[in-house]
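The structure under discussion appears below in the form of structure tokens.
Protein chains: 2
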Amino acid sequence: MFIDGGVEGASIEQIAKRAGVGKLTVYRRWDSKEAVLAAAIESARDGIPEAPADFADVPVATLVRELLPGLAEAIAEPRLRAMIARIFGASVSHPELMATYWDNYVVPRRRNTRVLLERAQAEGAIAADADLDVLIDMMVGAVLFRLVQPEPLDVAGAAAYLESVYRQAGLLD
Amino acid sequence: MFIDGGVEGASIEQIAKRAGVGKLTVYRRWDSKEAVLAAAIESARDGIPEAPADFADVPVATLVRELLPGLAEAIAEPRLRAMIARIFGASVSHPELMATYWDNYVVPRRRNTRVLLERAQAEGAIAADADLDVLIDMMVGAVLFRLVQPEPLDVAGAAAYLESVYRQAGLLD
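Residue numbers (the numbering used here), protein chains in the order written: chain A, 551 to 723; chain B, 551 to 723.
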């Protein structure tokens, strides 16, 4: 419902109706519409591979190569594009949604990515003075930006694109 | 009108009414709603400095340092944030708008930026095998992504952020 109609297209009332429950049942589990939508967004991105919290002795490049095919498949998916467009679109009109999603779901993932980048930095693949949060924005931002550009990527194009981004960031040789 | 209400909030009829002219007058100059909105978006970003088409002998880093303060002021502007959120939001629901804006306004600017990056590449500041279109996405995408994140940047924060992005890309020492 959020993908099709944005925040306006997904009221608690409509969500409850679609789920065949009462509004109170929804409110028992989530304390706001933003919390329901943030959880829905997170569950929609289920199955997209992400950097593990602990990756022991695996070299960074090996790990990135392992994550890449699943990521490419995910970002070539039109529904993901549509969802990203909706999230971006809502960021100013409904800042609470972005804030809730950011704090609950994005921040923990960024923490794991940062650990990965710190190791690449320790290995000398990323400049010692690089701002890793900005680098994460550059990697994620490139992909998000590419997804809203005309001419969507197919899976092979997405894989080539990601490889280029990771190489530029210093995560692949 | 587009910033406040998105594509739905800016019909040709409403635009004409607000401008105090008839719909036909609008259609005489622009052949679609997307063309009017693309022109409006472009005029709203007026004053944001951009890479010149021809920059002769100025070193790349000097040029970037010259552009930076104006860019920082622009991206700290809440109205620009709101407009970007609307453009992203419309990218899937109204792909014609993104396509029109992209072809008419973004492509020429990217061409100039590419010339700048090619020179930095020739100077050895950017890796010889770097994909410059992906690098442009990383630089622009980082900023766009940062703008929709919680905790907006003020002008000083925006300047520091841009500096970090340009340094990471190889455009500043």
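All C-beta atoms in this analysis are idealised placements derived from N, C-alpha and C, irrespective of residue type, glycine included.
Taking all protein chains in view, the Cβ of Lys573(B) is surrounded by fewer than 16 other Cβ atoms within 10 Å, so the residue is classified as exposed. With respect to chain B, the C-beta atom of Trp652(A) has a partner C-beta closer than 8 Å.
Chain B places no beta carbon closer than 8 Å to that of Met551(A), leaving this residue out of the contacts. The region 649-662 of chain A makes no contact with the region 644-662 of chain B; the number of CB pairs closer than 8 Å stays below 3. In its chain, beyond the 5 residues on either side, Gly559 and Ala560 have a beta carbon closer than 6 Å to the beta carbon of Met551(A).
Any Cβ of chain B closer than 8 Å to the Cβ of Leu621(A) would place that residue at the interface, and such an atom is absent. Contact with chain A is found for Arg631(B), since one of that chain's Cβ atoms lies less than 8 Å from the residue's Cβ. Between Gly707(A) and Gly639(A), the CB-CB gap reaches or exceeds 8 Å.
Under a 10 Å Cβ-count criterion, Val571(B) is classified as exposed, with fewer than 16 other Cβ atoms of the shown protein chains found around its own Cβ. Assigned with DSSP and collapsed to three states, Gly639(B) falls in helix. Spatial neighbours of Val693(A) in its own chain (CB-CB distance under 8 Å, excluding positions within 5 residues in sequence) are listed in chain order as Ile625, Tyr711, Leu712 and Val715. Per DSSP, reduced to three states, the secondary structure at Ile565(B) is helical. Residue range Leu682 to Val698 is occupied by the alpha helix (DSSP H) that includes Asp683(A).
Taking a contact as a CB-CB distance under 8 Å, the pair Leu721(B) and Ala670(B) counts as one, their CB atoms being some 6 Å apart. When Ala678(B), Asp687(B), Leu697(B) and Pro645(B) are compared, the shortest CA-CA separation from Phe695(A) is found for Asp687(B).
Excluding the 5 residues flanking it on each side, Arg631(A) has same chain C-beta neighbours closer than 6 Å at Leu697, in chain order. Proximity of Asp723(A) to chain B, defined by a Cβ-Cβ separation below 8 Å, is not satisfied.
Close to Leu618(A), with beta-carbon spacing below 9 Å, lies no residue of chain B; the smallest spacing is near 15 Å. In this structure, the CA atom of Val610(B) is about 53 Å from the CA atom of Ile565(A). Looking at Asp681(A), Ile591(A) and Trp580(A), the one whose alpha-carbon comes closest to that of Met648(A) is Ile591(A). Excluding five sequence positions before and after Ile562(B), the CB atoms of its chain that fall closer than 6 Å to its own CB belong to Lys573, Val576 and Lys583, given in chain order.
In terms of CA proximity to Pro645(A), Ala588(A) leads the group Ala588(A), Ile553(A) and Arg579(A). Along the region 654-678 of chain B, there is no position whose C-beta sits under 7 Å from a C-beta of chain A.
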